[in-house]
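176 is the number that UniProt numbering gives to position 176 of the sequence shown; each next residue is one higher, with no gaps.
Just so it is clear, CB atoms sit at the ideal spot from N, CA and C, and this is done for glycine as well.
Keep in mind that this is a model prediction, so the values were computed, not measured.
Below is one structure; the comments refer to it alone.
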Amino acid sequence: VAIAMERGAVLLLDEVDLASNKIMCLQPVLEGNGIYIKKINRYIKPAKGFTVIATANTKGRGSDDGKFIGTNILNEAFLERFPITMEQPYPALSVEKKIVLGSMAKYGKVDEDFAEKLVTWAEVIRKTYFEGAVDELISTRRLDHIVKAFTIFKDKLKSIEMCTNRFDEDTKTSFIDLYSKVDAGVDLDEETSEEEDEEKEESTEDMPY
């Protein structure tokens, strides 16, 4: 904090809603005042350009549904020291497609059609989520995970399945089923058949005779 103040830099308080009540010591800083550091007997004034930015998934209100467990309800007086609040929605389809294509280029496997299908699939799921029909959604980070898995498994559905296993079985199944509707080129039955064959092979290998 002191270094950022001296340099007139941007101070980022990432995931600030995970902080304890000790974060209240920053109130003078948020008001634009200097701070006295007793250990070195120095009073530091904020240089021109010094800015404090905080990020939080809960806006400092805590997590009622447990999705962001560990977050805290921040003191109202602390929150009032932030003059403006900006919400970051998910990117537009065209922007998210560029992000996904960038990930594909980074991992060395560019498939523009797959990128288009992925962002369309994610967009439909998000709309359904915000309408209250499902309890989970697909983030841009999750799409990046799928792209990375695709470079390993070379299979669209398998990559999606591996990256949606973190959800409960019903949610995962509905997400995969939805993707099969978005991308008519994938065969859900073929993927299921391959999984059954793999399970049979593993079962046979385990048999002692």
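Asked                                                                                                                     : Found
Span separating the alpha-carbon of N72 from that of G108                                                                 : 40 Å
Coil, strand or helix - residue 294 by DSSP                                                                               : Residue numbering for the chain in the displayed model covers 1 to 209; residue 294 lies beyond these limits and cannot be assessed.
Run of the alpha helix (DSSP H) containing Y36, from where it starts to where it stops                                    : Careful: Y36 lies outside any alpha helix (DSSP H), inside the beta strand (DSSP E) at 35–37.
Element boundaries [alpha helix (DSSP H), containing A122]                                                                : 112–130
Beta-carbon contacts of I23 that lie in its chain and below 6 Å, excluding the five residues immediately before and after : none
CB contact flag (V134, A115, <7 Å)                                                                                        : no
Proximity below 7 Å, CB of L30 to CB of V52                                                                               : yes
Enclosing alpha helix (DSSP H) for R141 [first to last residue]                                                           : 140–153
DSSP-derived helix/strand/coil call for R166                                                                              : coil
Residues near L12 in its chain [Cβ-Cβ closer than 6 Å; skip 5 each side]                                                  : I53
Span separating the alpha-carbon of V16 from that of N57                                                                  : 9 Å
Terminal residues of the alpha helix (DSSP H) in which Y90 lies                                                           : From DSSP, Y90 is part of no alpha helix (DSSP H); its letter is neither H nor E.
Rounded C-alpha distance that separates E199 from V186                                                                    : In this prediction, E199 has a pLDDT of 49, which is less than 50 and means its spatial position is unreliable; nothing more can be read from the coordinates.
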